[in-house]
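K.L.:
To start, I am sharing the structure in question, which I have written as C-alpha cells.
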Amino acid sequence: MMRPIFSQHRLAALMALCMSLAVAACSTSVTRMDTGEVKDLSGAWNDTDSQQVSEEMIRDVLDRPWIGEFSRAENRQPAVIVGEVSNLSHEHINVNTFVADVERALINSGKVQFVASSTERQEIRGERKDQDLNASEATRKAMGQEKGADFMLKGTINTIIDASGKTQLRFYQVDLTLISLADNRKVWIGQKKIKKLVERSNLRF
Numbered sequence: 001m002m003r004p005i006f007s008q009h010r011l012a013a014l015m016a017l018c019m020s021l022a023v024a025a026c027s028t029s030v031t032r033m034d035t036g037e038v039k040d041l042s043g044a045w046n047d048t049d050s051q052q053v054s055e056e057m058i059r060d061v062l063d064r065p066w067i068g069e070f071s072r073a074e075n076r077q078p079a080v081i082v083g084e085v086s087n088l089s090h091e092h093i094n095v096n097t098f099v100a101d102v103e104r105a106l107i108n109s110g111k112v113q114f115v116a117s118s119t120e121r122q123e124i125r126g127e128r129k130d131q132d133l134n135a136s137e138a139t140r141k142a143m144g145q146e147k148g149a150d151f152m153l154k155g156t157i158n159t160i161i162d163a164s165g166k167t168q169l170r171f172y173q174v175d176l177t178l179i180s181l182a183d184n185r186k187v188w189i190g191q192k193k194i195k196k197l198v199e200r201s202n203l204r205f
C-alpha cells in the first residue's frame with residue numbers, strides 16, 4: 001500500500017497557509033492623511049484643485065471695484081447667491097464640493113452677505129410653513145421676510161486633454177461670472193487655469 005504524499009496534519013497546515021496567503025492578498029491597507037496634504041493619484045480633478053481654485057477666485061472677486069461701488073451706493077454689504085456651476089469637462093467632477101468651497105470662502109471673507117440656494121430655500125420655507133401651524137407666536141418666523149440676493153455667481157468647468165503614448169496633459173479651466181440681479185450686468189468675470197502632466201506606464205486613453 002502506497003503512503004499518502006501528505007499526512008492529514010501536513011495537509012491541514014498547507015491549507016491554512018494557503019488561506020492565510022489569500023486573505024493577505026485581499027487585505028486593504030489604509031493610511032490616514034492630513035486633509036491639507038496634497039496627493040495626486042490619477043491626475044484628475046481632486047479636492048486640492050477645488051479648494052485652491054475657489055479660494056483664489058473668491059479673493060479676486062472680493063478685491064474688484066464692484067463691491068466698493070455697491071457698498072457706497074447702498075450703504076450695506078451686497079448679498080450674493082451661488083447659482084449653477086456646470087461641469088462641461090470630460091470627467092466626473094463633484095460640482096457640489098466645489099460650490100461648497102466657493103460658499104465657504106465667500107462667507108468667511110466677511111465682506112458680503114450670503115443667501116441660501118434655491119434648494120435650501122425650499123426646505124426652509126417648508127419649515128416656516130410648519131411653524132406657522134405649530135410654533136408659538138413668540139418663536140414663529142413670518143413668511144415673506146427673506147433676504148433677496150443682489151448678485152448671482154455662475155460658472156463652468158472645462159477640460160482639454162492632450163495625449164501622446166503614455167503621457168497625458170490635462171488642462172482645466174474654471175470660469176466664474178458675477179451677475180447683478182437688478183439689471184443683468186456682469187460685474188466680474190474670473191478665470192483660473194490648472195495644467196497637469198501625467199506620466200505612467202499603464203496609462204490608457
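So the sequence shown is residues 1 to 205, counted in my numbering.
The C-beta atom is built at its ideal place from N, Cα and C for all residues, glycine as well.
For glycine 190 and valine 61, which I take to be in contact (beta-carbon distance under 8 Å), what is that distance rounded to the nearest angstrom?
P.N.:
6 Å
K.L.:
Would you kindly check if the distance between the Cβ of tryptophan 45 and the Cβ of valine 187 is under 8 Å?
P.N.:
no
K.L.:
According to DSSP, isoleucine 58 sits in a beta bridge with which residue or residues?
P.N.:
None, per the DSSP bridge assignment.
K.L.:
How is threonine 48 classed by DSSP in three states: helix, strand or coil?
P.N.:
helix
K.L.:
On the DSSP letters alone, give me the boundaries of the beta strand (DSSP E) that aspartate 162 sits inside.
P.N.:
151 to 164
K.L.:
With a threshold of 8 Å between beta carbons, is serine 136 in contact with chain D?
P.N.:
Included in the structure is just one protein chain, with no chain D present.
K.L.:
Can you look up leucine 14 in the DSSP assignment and give me helix, strand or coil?
P.N.:
Of the three classes helix, strand and coil, the one that applies to leucine 14 here is helix, per DSSP.
K.L.:
Between the Cα of valine 174 and those of Leu14, Val53 and Gly68, spot the shortest distance and give me the residue it belongs to.
P.N.:
Val53
K.L.:
If you check the beta carbons only, do threonine 156 and leucine 88 fall under 8 Å apart?
P.N.:
yes
K.L.:
Can you check which of these residues, Ala138, Thr48, Ser136 and Glu55, is closest to asparagine 94 by C-alpha distance?
P.N.:
Thr48
K.L.:
Between alanine 149 and the rest of its own chain, which residues show a CB-CB distance below 7 Å, the 5 nearest in sequence each way excluded?
P.N.:
Ala79, Val80, Ile81, Val115 and Leu181
K.L.:
Could you spell out the range, first to last residue, of the beta strand (DSSP E) harbouring valine 99?
P.N.:
Careful: valine 99 lies outside any beta strand (DSSP E), inside the alpha helix (DSSP H) at 95 to 109.
K.L.:
Can you give me the start and stop residues for the alpha helix (DSSP H) that asparagine 134 sits inside?
P.N.:
Start and end: 118 to 134.
K.L.:
Looking only at its chain, what residues have a beta carbon closer than 6 Å to the beta carbon of arginine 125, apart from the 5 residues adjacent to it on each side?
P.N.:
If we look at arginine 125 and ignore the five residues flanking it on each side, it has no Cβ neighbours.
K.L.:
Assign aspartate 162 to buried or exposed, taking buried as 16 or more other Cβ atoms, counted over all protein chains shown, within 10 Å of its Cβ.
P.N.:
Exposed: under 16 other Cβ atoms inside 10 Å.
K.L.:
Quick one: residues in its chain with C-beta nearer than 7 Å to the C-beta of glutamate 103, no 5 flanking neighbours on either side, listed in chain order?
P.N.:
Hits under 7 Å: Val82 and Phe114.
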